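Student: In this note's numbering, the protein residues as written are 91 to 350.
One structure, pasted below without further comment.
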């Protein structure tokens with residue numbers, strides 16, 4: 091059995107974890123701080139890991155189907171949201187995330203997928219073994235896992251200045267509507283993917299070891315932990331604590347179940 095795919099994935103995830111740790115802890119260690127510019131490289135690293143793991147675990151067509159649905163639908167929801175305020179509440183992106191298309195940075199669909207694949211993997215791990223998961227139920231669980239991450243990510247990114255809310259929201263400055271919009275967005279692309287997945291050719295994990303099933307959960311936990319620590323440094327201990335008992339707990343349970 092080929093071992094290089096597994097070794098490559100583990101090395102890539104380790105590099106992502108180390109860069110995340112450096113980005114968060116550099117100032118405390120009196121090292122040169124990377125600043126907001128580190129967001130794009132970190133997002134691309136997490137995105138690449140998600141694509142590679144999905145490709146190896148599911149096969150190309152299933153991996154690309156989730157990627158395509160996530161990218162297109164997340165961008166569409168975001169474009170409508172920026173233009174109208176209907177989906178998440180009134181907000182706009184600043185210039186720190188690079189080029190935009192219809193007001194939405196091109197990096198945003200990448201960021202949605204980098205967490206959608208781990209969120210679906212965690213949801214599948216948490217689903218009771220031996221019980222068939224209806225598409226709507228599994229999509230709802232995956233949407234909850236992904237939205238749990240936003241409970242710390244959104245206030246933290248707003249504090250840095252990546253985007254701005256045009257109203258003062260009830261959740262640490264973020265509108266409650268944003269949480270509803272996240273559930274809606276993620277549920278739609280997860281449900282659509284799960285509906286078409288049985289029609290797509292899959293394959294047994296190619297070159298992956300049994301323990302590699304837990305890597306997506308570790309990627310999710312790495313991203314969450316980096317965001318939570320950054321939030322604490324920015325004076326947002328409240329969102330960090332909330333996320334500990336939501337995203338942190340779900341990610342850890344997903345990791346444990348994926349290895350059982």
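Built from N, CA and C at the ideal position, the CB exists for glycine as well.
All values reported here derive from a predicted model rather than from experimental measurement.
Less than 8 Å between the CB atoms is what I'm expecting for residue 272 and residue 226, so what's the real figure, rounded?
Tutor: Rounded, the Cβ-Cβ distance is 17 Å, inconsistent with contact.
Student: In or out: residue 174 buried (at least 16 other Cβ within 10 Å) or exposed?
Tutor: exposed
Student: DSSP on residue 301, reduced to helix/strand/coil?
Tutor: In the structure shown, residue 301 sits in a helix (DSSP, three-state: H, G or I).
Student: Pair every Cβ in the region 247 to 261 with every Cβ in the region 178 to 185, then say whether three or more of these pairs are closer than 8 Å.
Tutor: yes
Student: In the DSSP assignment, find the unbroken beta strand (DSSP E) run with residue 183 in it and report its ends.
Tutor: It spans 181 to 183 - the beta strand (DSSP E) in which residue 183 sits, taken as one unbroken run.
Student: With a CB to CB cut of under 7 Å and the five nearest residues on each side skipped, what residues in its chain are close to residue 145?
Tutor: Cβ neighbours of residue 145 beyond the five flanking positions: 153.
Student: Use the C-beta contact count for residue 239: other C-beta atoms within 10 angstroms, 16 or more gives buried, fewer gives exposed.
Tutor: buried
Student: How do the region 191 to 204 and the region 160 to 180 stand: do at least 3 beta-carbon pairs fall below 8 Å, yes or no?
Tutor: yes
Student: Extract the residue ranges of the alpha helix (DSSP H) inside the region 130 to 192, only unbroken runs of 4 or more that lie entirely within it.
Tutor: 150 to 174
Student: Quick one, are the C-beta atoms of residue 329 and residue 241 less than 8 Å apart?
Tutor: yes
Student: Should the region 215 to 232 be regarded as contacting the region 314 to 327, the criterion being three or more beta carbon pairs within less than 8 Å?
Tutor: no
Student: Would residue 284 and residue 229 qualify as a contact pair, given that the criterion is a beta-carbon distance under 8 Å?
Tutor: Between residue 284 and residue 229, the CB-CB gap stays under 8 Å.
Student: What do you get for residue 191, buried or exposed, if any count of 16 or more other CB atoms within 10 angstroms of its CB means buried?
Tutor: exposed
Student: With H, G and I counted as helix, E and B as strand and the rest as coil, what does DSSP make of residue 218?
Tutor: coil
Student: With DSSP as the reference, identify every bridge partner of residue 255, one or two as the case may be.
Tutor: Residue pairing by DSSP places residue 255 opposite 181 in a beta bridge.
Student: Exposed or buried, which one is residue 97 when buried takes at least 16 other CB atoms within 10 Å?
Tutor: Exposed, because fewer than 16 other Cβ atoms sit within 10 Å of the Cβ of residue 97.
Student: Counting Cβ pairs, one atom from each stretch, are 3 or more of them under 8 Å apart for the region 289 to 303 and the region 135 to 151?
Tutor: yes
Student: Relative to the alpha-carbon of residue 205, which residue among 334, 300, 104 and 143 has its alpha-carbon at the smallest distance?
Tutor: 143
Student: Any contact of the region 258 to 266 with the region 106 to 124, i.e. 3+ C-beta pairs under 8 Å?
Tutor: no
Student: Closer than 7 Å by C-beta to residue 208: which residues in its own chain qualify, once you throw out the five before and the five after it? Chain order, please.
Tutor: 140, 306, 307, 309 and 310
Student: Compare the beta carbon distance of residue 349 and residue 303 with 8 Å and say whether it is the shorter of the two.
Tutor: A contact, by the Cβ cut-off of 8 Å.
Student: Classify residue 91 as helix, strand or coil using the three-state DSSP reduction.
Tutor: Residue placement at residue 91 is poorly supported in this model, since its pLDDT is 49, which falls under 50; the coordinates still yield a value, given next. Looking at residue 91 - three-state DSSP - the assignment turns out to be coil, as it is neither helix nor strand.
Student: Hey, residue 163 and residue 237 are a contact pair by Cβ (cut 8 Å); roughly how many whole angstroms apart?
Tutor: At roughly 15 Å, the Cβ-Cβ gap does not stay under 8 Å, so residue 163 and residue 237 are not in contact.
Student: Could you name the residues that DSSP lists as bridge partners for residue 263?
Tutor: Answer is 259.
Student: Residues in the same chain with beta-carbon distance under 7 Å from residue 312, minus the five sequence neighbours each way, listed in chain order, please.
Tutor: 106, 107 and 110
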